[in-house]
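Asker: This is the structure I have questions about; it appears just below.
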Ligand SMILES: NC(=O)C1=CN([C@@H]2O[C@H](COP(=O)(O)OP(=O)(O)OC[C@H]3O[C@@H](n4cnc5c(N)ncnc54)[C@H](O)[C@@H]3O)[C@@H](O)[C@H]2O)C=CC1
Ligand SMILES: O=C(O)[C@@H]1CCC=N1
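In the working numbering, the protein residues as written are 3 to 272.
What follows is the structure in structure tokens.
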């Protein structure tokens, strides 16, 4: 699925997010012998993948490096990286809030740097990866980064880095909001009298079916909603509650605003 995997993939940190990326790449044919994971716990990540607890003396030739730890660990990691011989062909950062300029200031001069904002559904090949790079990154590195993200789901470049935190709030954080919605739908039905486990089951299956239909129908979600809502029927009454004063849109606007603003605050603190 990927024409040319990186000669070597070096992952700094491999937790909830980077772990999902790696799992999908391995499922798509990435050779585990071409991957090194650095993680302080030293816990294995997948059969055949080398796990180390400290940086090596030199990076293997043709190394693409993924920064997959927490944003606040970047400063320490960059200091350690500076001691390793051999410059990676590119640095891919999935760190929320950390800007290209902040990455560039701490990474080797002239490095190819690509910011990627993935989300956890990449593990099932249905994620979103937003990409951003600056003009100093070579075209070949830009293409290689995009090719690497393609098997993970939708990969889209963001032209203006100022929008990266908003994109993060939408697609990076989005799965969490959807998981909350699934829970809330089930809890609401349980509060109204359905057995809890049955409500949770029906809510999950409803969300799965509706999102698959939304993807496959070739119609807007608005039209699909209208097709459920018979005039004078039950759905319309329910949607009137969601639509009153645009309450759902207002709630989500505040949700995305809070997440986006936190990204900006994280960047200021770095
Ligand atoms: N969880 C998510 O859905 C998303 C997370 N991200 C970004 O992914 C990054 C990681 O987040 P999670 O996977 O959720 O966190 P996590 O806590 O699950 O994983 C962090 C990993 O970093 C490792 N680590 C800790 N200190 C380290 C060090 N000094 N050197 C190398 N590795 C170290 C840990 O062992 C762990 O494997 C963050 O920068 C976050 O902003 C981006 C998009 C979505
Ligand atoms: O919560 C976070 O900061 C990261 C960024 C996107 C999803 N998780």
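The C-beta atom is built at its ideal place from N, Cα and C for all residues, glycine as well.
Does DSSP put residue 115 in a helix, in a strand, or in coil?
Answerer: One-based indexing of the chain shown puts residue 115 at position 113. Correct three-state label for residue 115: strand.
Asker: Is the stretch 83-103 close to the stretch 28-45, with three or more CB pairs under 8 angstroms?
Answerer: No: fewer than three Cβ pairs fall under 8 angstroms.
Asker: Using 8 angstroms for Cβ pairs, my map puts residue 116 next to residue 92. What's the rounded Cβ distance?
Answerer: As a working note, residue 116 is residue 114 in the chain shown. As a working note, residue 92 is residue 90 in the chain shown. With a Cβ gap of about 6 angstroms, residue 116 and residue 92 count as contacting.
Asker: Could you tell me whether the stretch 179-188 touches the stretch 150-157, using the rule of 3 or more Cβ pairs below 8 angstroms?
Answerer: Output reads no: the stretch 150-157 does not touch the stretch 179-188.
Asker: Quick one: does the C-beta of residue 18 sit closer than 7 angstroms to a heavy atom of ligand 1?
Answerer: Position 16 of the chain shown, counting from 1, holds the residue named residue 18. Indeed, a heavy atom of ligand 1 lies less than 7 angstroms from the Cβ.
Asker: Specify which residues have a beta carbon nearer than 5 angstroms to any heavy atom of ligand 2, listing them in chain order.
Answerer: Ordered along the chain, the selected set is 98, 174 and 175.
Asker: I'd like to confirm the pairing. Which residues does DSSP put opposite residue 131 in its beta bridges?
Answerer: Indexing the chain shown from 1 puts residue 131 at position 129. DSSP output for residue 131 lists 157 as bridge partner(s).
Asker: Assuming residue 62 contacts residue 10 (C-beta within less than 8 angstroms), just tell me the rounded distance between them.
Answerer: Here the question's residue 62 lines up with position 60 in the chain shown. Here the question's residue 10 lines up with position 8 in the chain shown. At roughly 4 angstroms, the Cβ-Cβ gap stays under 8 angstroms, so residue 62 and residue 10 are in contact.
Asker: Could you name each continuous alpha helix (DSSP H) segment of 4 residues or more that falls completely within the stretch 4-36, going from the start of the chain to the end?
Answerer: Here the runs fully enclosed are 18-29.
Asker: Alpha carbons only, please: which of 150, 50, 216 and 252 is nearest the one belonging to residue 124?
Answerer: If you number the chain shown from 1, residue 124 lands on position 122. The shortest Cα separation from residue 124 among 150, 50, 216 and 252 belongs to 150.
Asker: I'd like to confirm the pairing. Which residues does DSSP put opposite residue 66 in its beta bridges?
Answerer: The residue given as residue 66 occupies position 64 in the chain shown. Beta-bridge pairing links residue 66 to 11 and 92.
Asker: Closer than 7 angstroms to a non-hydrogen atom of ligand 1 - does that hold for the CB of residue 242?
Answerer: Position 240 of the chain shown, counted from the first residue, corresponds to residue 242. No, the Cβ of residue 242 stays beyond 7 angstroms of every heavy atom of ligand 1.
Asker: Closer than 7 angstroms to a non-hydrogen atom of ligand 1 - does that hold for the CB of residue 280?
Answerer: The structure shown has nothing for residue 280, since the chain only spans 3 to 272.
Asker: Which residue comes first and which comes last in the alpha helix (DSSP H) that contains residue 82?
Answerer: For the purposes of this step, residue 82 is taken as the residue at position 80 of the chain shown. Taken as a continuous stretch (DSSP letters only), the alpha helix (DSSP H) holding residue 82 covers 76-83.
Asker: Classify residue 140 as helix, strand or coil using the three-state DSSP reduction.
Answerer: On the chain shown, position 138 is the one that residue 140 refers to. Looking at residue 140 - three-state DSSP - the assignment turns out to be coil, as it is neither helix nor strand.
Asker: DSSP three-state label for residue 269, please.
Answerer: Stepping through the chain shown from its first residue, residue 269 is reached at position 267. Looking at residue 269 - three-state DSSP - the assignment turns out to be helix.
Asker: Can you pull the DSSP bridge partners for residue 54?
Answerer: The residue you call residue 54 lines up with position 52 of the chain shown. Paired residues: 40.
Asker: Among 128, 148, 120 and 114, which has the Cα closest to the Cα of residue 139?
Answerer: Along the chain shown, read from residue 1 onward, the residue named residue 139 stands at position 137. Checking every option, the nearest Cα to that of residue 139 belongs to 114.
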